[in-house]
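Have a look at the structure below, then the notes.
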Amino acid sequence: MALQARWAQVADRLGATPDGADDILRAVVARYGEPHRRYHTLEHVAEVLEGIDRLIEAGEPAEDPLAVELAVWFHDAVHDATADDNEERSAALAVELLSGAGLASERVDRVADLVMATKSHLPSSPDAALLVDADLAILGADPERYDRYAADVRAEYAHVDDARWAEGRRDVLTRFLERPLLYHTGTMRRERGAMAIANLQREIAALEVSRGS
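If you count the sequence shown from 1, position 164 lands on 164 in full-length UniProt numbering, and the numbers rise without skipping.
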């Protein structure tokens, strides 16, 4: 399903006016279309939505599917590779736009909390587990897709020199490998857990080679 049609379904469930829904979509699409982005684009939004669908269809619990879906749209709405508060700003944007569209404050807060869960990727609820696992599904993609992801993320940090990038990226990936659970749903662990570990180990090895050269 095209993203515009998908958003139309969300907007209908949201209860927003057509103009209000269009305003939100334009604002979000403009963010994900910023020229510095390579990975954190609408393609990523589409992949995370597909991941959410797959997890729910597999029987993973969802307490508030609408809040989860809205959080997908907003979770990377702000992406500044030089800042460390992207999730906070993305959550604030969600609160601003969704409150303006008349969404109940309780659900708005839920969306903001879900967006914030993508900062640590350590979920505290079933809905957060869905979002976090779908967001990190790329780690367990086939090697070709994973390599494109890694290259796109590197391009978003083009301002960082190769040595600093290799050190920082290796540290991030190593922390993922050291977690007791990389994925928090049984479905994602079964479907992508082994491949995710292999991809992370492979990229870390490549980064080690680049640091030594």
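Each residue gets a CB set at the ideal place from its N, CA and C atoms; glycine is no exception.
Check, Outcome
"Taking one C-beta from the region 103 to 110 and one from the region 151 to 170 each time, how about it: are there three or more such pairs within less than 8 Å?", "no"
"Return the CA-CA distance between Arg31 and Thr187, expressed in angstroms with no decimal places.", "31 Å"
"What first and last residue would you give for the alpha helix (DSSP H) that runs through Gly20?", "18 to 32"
"Whole alpha helix (DSSP H) runs in the region 125 to 157 with 4 or more residues, listed along the chain?", "126 to 135, 143 to 156"
"In the structure shown, what three-state DSSP assignment does Asp171 receive?", "helix"
"Can you give me the C-alpha to C-alpha distance between Arg170 and Val209, rounded to a whole angstrom?", "11 Å"
"Quick check on the burial criterion: 16 or more other C-beta atoms within 10 angstroms. Buried or exposed for Pro123?", "buried"
"Please classify Gly51 as buried or exposed, where buried requires at least 16 neighbouring CB atoms within 10 angstroms.", "buried"
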